[in-house]
Amino acid sequence: MPGYPEFVQKYPSYDTTHGLDELRQRDYSRLDSLGQVYLDYTGGGLYADSQIRAHQDLLKGNVFGNPHSSNPSSLVATQLIERTRAEVLRFFNADPAEYTVIFTQNASGALKLVGESYPFTPGSHYLLTFDNHNSVNGIREFAHTKGAEVTYIPVALPDMCGDTASLEASLELGQPDKNNLFAYPAQSNFSSVVHPLEWIERAHVRGWDVLLDAAAFAPTNLLDLSTYHPDFVPLSFYKMFGYPTGVGALLARRPALKKLHRPWFAGGTITVASVQGDKYYLAEAPAAFEDGTLDYLNIPAVEIGLQHLRSIGVETIHERVRCLTGWLLDNLKEMKHSSGVSLARIYGPVDTVKRGGAVTANFFDRDGAPIDHRSIEAEANRVGISLRTGCFCNPGAGEIALGLSKPELAACFAQPGHDQRLSLDDFRLCIDGKSSGAVRVSVGLVSNFEDVQAFLKFAEGLLK
Ligand SMILES: Cc1ncc(COP(=O)(O)O)c(C=O)c1O
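Counting the sequence shown from 1 gives a position; my numbering is that position plus 2.
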C-alpha cells in the first residue's frame with residue numbers, strides 16, 4: 003500500500019495542518035500513549051487536556067449557585083451562561099438581533115423542542131429528506147398527531163445527494179396560508195454527503211420554515227449564519243470538541259421562534275404561574291424554552307471548547323479532514339480480492355467534493371458475498387480501532403444504501419407478532435440475505451495519517 007510520501011504528494015495541503023500534530027502531542031497525548039485508533043468523530047469528538055484544565059480551574063476558582071436567583075453565586079453562574087450564549091452566536095457569525103441560543107441537553111433535545119412546539123395543523127406540511135437522523139424523523143410523530151402532511155424527499159445512489167428539482171416540486175406542496183417546515187441535515191451522518199445550504203433560501207422564498215440539522219456538519223465546517231439563515235439549527239457540543247457531554251443548543255431565528263407554542267410550562271420558563279388562578283405567563287426566549295435548571299457548571303465549558311476550536315481554526319480542521327478522507331477513499335476504492343471482486347462498496351461521494359469526513363461502506367468477500375458489519379466491528383475492536391457499525395440512527399439513508407424497498411419493509415412490519423414489538427434480530431431475519439447495516443469510519447480534529455493508514459492496513463487484511 004502506498005505510504006506517506008505518496009499521500010502528501012496527492013494532498014500537499016496536509017502540510018499546512020501540521021499544527022494539529024503538535025496539538026495532538028501536547029493536548030491529546032492519551033490517544034497515542036493508549037495506542038488508540040479513534041475513527042468515530044461523527045459519533046463524538048475528542049477533548050483536549052487543556053479544555054479540562056481550564057474548566058477545572060474555573061470550577062475551583064469560583065462559587066457557582068443555581069442561576070434562578072440573584073445572590074452573588076447565582077449571578078456568577080448567570081454571567082457565565084450569558085457569556086457562553088454570546089460566544090455561541092459569535093462562533094456562528096449570528097446576529098444577536100436575528101438569532102438566539104437555547105441551551106438543551108443535546109441536538110435531539112433541540113429537535114424535540116421544535117417538534118413539540120411547531121404549529122402543525124391539518125393542511126400544514128412537514129417535509130424532510132430520507133437522509134435524516136432519527137431525532138429529525140421523530141418530529142413526524144408530532145406532525146401526524148396534529149394532522150399535518152408528512153412528505154419524504156428521496157436521496158439517490160450512488161452519491162446519495164438529494165435532488166434539487168424534486169425538492170422544488172415538494173416545496174410546492176406547502177399551502178401558503180399554513181405553517182410548513184422543511185428539515186434536512188447540512189451533512190449526513192450516514193454518507194457524509196453535504197447537502198446544499200442554498201436549499202434554505204429556496205424553501206424560504208416559498209414561505210417554508212427551515213430546520214437545518216448541523217450536528218454532523220459543525221465539527222469540521224464553519225456554518226456562517228450571516229450568509230445562510232435557517233430558522234432552527236440543532237447542535238451537540240460534544241460532537242464539535244468532545245467536552246462537555248450533556249449540552250447542546252438550538253440556534254433559533256427570532257421570528258420563527260415566535261411561532262412556536264410550548265406544550266407546557268416548567269420551572270424557569272415562566273414569569274408568573276398561579277395555582278388558584280390556573281394561569282401562567284411564559285418568559286421571553288430563550289428562557290421560555292429552557293426547562294428547569296440549566297447545566298450551569300458545564301455550559302461554561304462550551305465557551306472554552308469554542309475558543310479551543312477558534313484557536314485552531316475550523317478551516318485547518320476542515321482541510322486536514324478533507325486530505326485524510328480523500329486518502330481513505332482513494333485506497334479503499336482500489337482494494338480488490340485476487341478474484342477481481344472489490345473489497346468495499348462505499349456509500350456517498352467517492353471523492354472529496356460535496357462530502358465530509360465519514361466514510362461508510364460495506365465489505366465483500368472474494369466471491370462477492372457481503373461480510374457482516376458486526377464481524378468487521380469485532381475484528382476492528384481486537385486491533386484497537388474504534389469505528390461504528392449499523393445504520394447510525396439514520397434509517398432512511400440506510401434503506402436506500404442497503405436496497406431495502408418499501409414493500410419489503412411493509413411486509414416485515416405486517417408479519418404476525420410484529421405490530422407492537424420488533425427486535426433488531428427479528429428485523430435482520432425479515433430482510434434475510436441483505437445487510438442491515440454498514441461500517442463507518444470518521445476522521446476529525448486530531449486525526450492523523452497513521453490513524454487512517456491503520457484502518458487501511460486493517461481493510462487490506464480482509465483481502466483474499
Ligand atoms: C446529523 C445528526 N443529527 C442529530 C444527532 C443527534 O445528536 P445527539 O445524539 O447528540 O442528540 C446526531 C448524532 O449522531 C447526528 O449525527
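Note that beta-carbon positions come from the ideal geometry of N, C-alpha and C, so glycine has one too.
Closest residue to His231 among Ala96, Phe122, His420 (Cα-Cα distance): Ala96
His135 beta carbon near ligand 1 (any heavy atom closer than 8 Å): yes
Environment of Pro14 [buried if 16+ CB atoms lie within 10 Å]: exposed
Contact check, Asp293 vs Gly270, beta carbons under 9 Å: yes
First through last residue of the beta strand (DSSP E) which encompasses Glu151: 151-155
Cβ-Cβ distance between Phe219 and Gly47 below 9 Å: no
Cutoff 6 Å; reference Val316; Cβ partners in own chain excluding five residues on either side: Leu224
Heavy atom of ligand 1 within 8 Å of Asn108 beta-carbon: yes
beta-carbon Val90 near ligand 1 non-hydrogen atom, thresh 8 Å: no
Ser388 Cβ short of 8 Å to ligand 1 heavy atom set: no
Distance between Ile348 and Pro160 (C-alpha atoms, nearest Å): 9 Å
Status (buried if at least 16 other CB within 10 Å, exposed otherwise) for His135: buried
Where His263 falls: helix, strand or coil (DSSP): coil
Span separating the alpha-carbon of Val304 from that of Thr86: 7 Å
Cβ-based neighbour list, Asn396, same chain, cut-off 8 Å, excluding 5 preceding and 5 following: Asp133, Asn134, His135, Asn136, Ser190, Asn191, Phe192
Cβ contact check for the region 430-450 and the region 373-389: 3 or more pairs under 8 Å: yes
C-alpha distance - Leu113 paired with Ala56, whole-angstrom precision: 30 Å
CA nearest to the CA of Gly5, picked from Lys241, Asp453, Leu465: Asp453
First and last residue of the uninterrupted alpha helix (DSSP H) at Thr318: 316-336
Nearest-angstrom beta carbon gap, Leu237 and Ala251 [assumed within contact, 8 Å]: 5 Å
Closest Cα partner of Gln119 within the set Lys261, Ala109, Gly37, His197: Note that residue 119 is Ser in the sequence shown here, rather than Gln. Nearest of Lys261, Ala109, Gly37, His197 to Ser119, Cα basis: Lys261.
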